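Asker: Protein chains in written order, with my numbering: chain A, 102 to 225; chain B, 102 to 225.
Where a beta carbon is used, it is the ideal one built from N, C-alpha and C, also for glycine.
Computed from a predicted model, the values in this text were never measured in an experiment.
There are 2 protein chains.
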Amino acid sequence: MERTTAQRKAIHTVLEEAGRPMSPPEIFEAARSIAPGLGMATVYRTIKRMLDDGVLAAVELPGEAPRYERAGLGHHHHFRCNDCNKVFDLTGCASAFDKCLPKGFALESHEIFLFGRCETCATG
Amino acid sequence: MERTTAQRKAIHTVLEEAGRPMSPPEIFEAARSIAPGLGMATVYRTIKRMLDDGVLAAVELPGEAPRYERAGLGHHHHFRCNDCNKVFDLTGCASAFDKCLPKGFALESHEIFLFGRCETCATG
DNA sequence: ATCTCTGCAAATGTTTTGCATCAGC
DNA sequence: GCTGATGCAAAACATTTGCAGAGAT
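(1) For B:F180, return the contacting residues in chain A, with the cut-off set at a CB-CB distance below 9 Å.
(2) Whose C-alpha, out of B:T221, B:E165, B:H179, B:T224, is nearest the C-alpha of B:P126?
(3) Does B:E170 come within less than 8 Å of chain A when only Cβ atoms are used?
(4) Counting pairs of beta carbons, one from the stretch 185-192 of chain B and one from the stretch 211-224 of chain A, are three or more of them closer than 8 Å?
(5) What does a CB cutoff of less than 8 Å around B:V144 pick up in its chain, not counting 5 residues either side in sequence?
(6) For B:D153, report the span of its alpha helix (DSSP H) as first-last.
(7) Exposed or buried, which one is A:R104 when buried takes at least 16 other CB atoms within 10 Å?
(8) Does DSSP classify B:E127 as helix, strand or coil?
(9) Determine the contact status of A:L157 and A:E170, defining contact as a CB-CB distance below 8 Å.
(10) So, at 8 Å on beta carbons, what are the nonlocal neighbours of A:T147 in its own chain, with the 5 sequence-adjacent residues on each side left out?
(11) Helix, strand or coil for A:R104? Go by DSSP, reduced to three states.
(12) Per DSSP, A:D184 forms a beta bridge with which residues?
(13) Given that A:L157 touches chain B, what residues does it touch there, using C-beta distances under 8 Å?
(14) For A:L208 and B:P137, what's the separation of their Cα atoms in angstroms?
(15) On the criterion of 16 or more Cβ atoms from any shown chain inside 10 Å, does B:L85 qualify as buried, or is it exposed?
(16) Look at B:H179 and A:F214 and say whether their C-beta atoms are less than 8 Å apart.
(17) Report yes if the C-beta of A:E130 is less than 7 Å from at least one heavy atom of the ligand ADP; otherwise report no.
(18) Output the distance between the C-alpha atoms of A:R181 and A:G120, rounded to the nearest integer angstrom.
(19) Quick one: which chain A residues come within Cβ less than 8 Å of B:F129?
(20) In whole angstroms, give me the CA-to-CA distance for A:L162 and B:L162.
(21) Counting along the chain, where does the alpha helix (DSSP H) carrying B:E220 start and finish?
(22) Determine the direct distance from the alpha carbon of A:A172 to that of A:E117, and round the result to whole angstroms.
(23) Run through chain A and tell me which residues come within less than 7 Å of B:P163, C-beta to C-beta.
(24) Look up B:R171 in the DSSP assignment and say whether it is helix, strand or coil.
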């Protein structure tokens, strides 16, 4: 059975209060100040556990280490600041990219990635 | 001054003939059969050099190691096969995603990423 | 008391770097 | 011959795992 420990509560709290996707080192730093002595291995193990439990969702940006945020936010996309490198959630967006940015945010570029099956694998 | 070596020619050839973005291990395998004894370090060093020279462009998919392709292909997006994991170039695409897929390719999902500056960094 | 969770340290996998040697110019 | 490029091995860096001991139930 799953146990409630100070470390897990700290990690939970950090992710809950951030309201944006965070990287493992970010989570580690923030949670360490709540639960001193916390180890990096525990952060990774807890993230993996929370992913399996469907509590967390991975946010993977091209060319960057994955970040994690609360699951169950519905379909949405993300915005990364080129200065501070933080990642923010966007809502209700489809293709009018600049329309869905929070006020004050400046759009500089976008990437679109498609996934599926190539001809060889689709027919095989 | 830059020198023309068998190793560089091999790596060049491999990337030229592939016509799709390749990962360092893929490049290593393919180039090794042209230039036996080739080392992984040389592959990475040559990739970096070619990036600096503007000969190569990085293709970074979310959650995956970067691939590389010839630079100067103009703005385009990419398609990764969920079966064989190969990445292909797409052309002339904007937002009618399924319209721009090569014949026989099946679209399963897409990701959109926006980049720019958040309010804090834009006004700072 | 049991059995999970934790921290540490060692292992892993990938990319980078140091260095002596090799080869293009 | 000079100087940049190479291969190997070691280093760096991020993530994972083994293990003995701490802590939740």
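Answerer: Let me spell this out:
(1) F214, L215, F216, G217, C219
(2) B:E165
(3) no
(4) yes
(5) I112, P125, I128, F129, A132
(6) 141-153
(7) exposed
(8) helix
(9) yes
(10) Q108, R109, I112
(11) coil
(12) Partner(s): none; A:D184 has no beta bridge.
(13) Residues of chain B passing the Cβ test: none, with the nearest at roughly 15 Å.
(14) 46 Å
(15) It is not possible to answer for residue 85 of chain B, since the shown part of chain B is limited to 102 through 225.
(16) yes
(17) Among the ligands in the structure shown, none appear at all, so the ligand ADP cannot be discussed.
(18) 14 Å
(19) Neighbours of B:F129 on chain A: none; closest Cβ ~20 Å, over 8 Å.
(20) 7 Å
(21) 220-224
(22) 11 Å
(23) E161, L162, P163, F214
(24) strand
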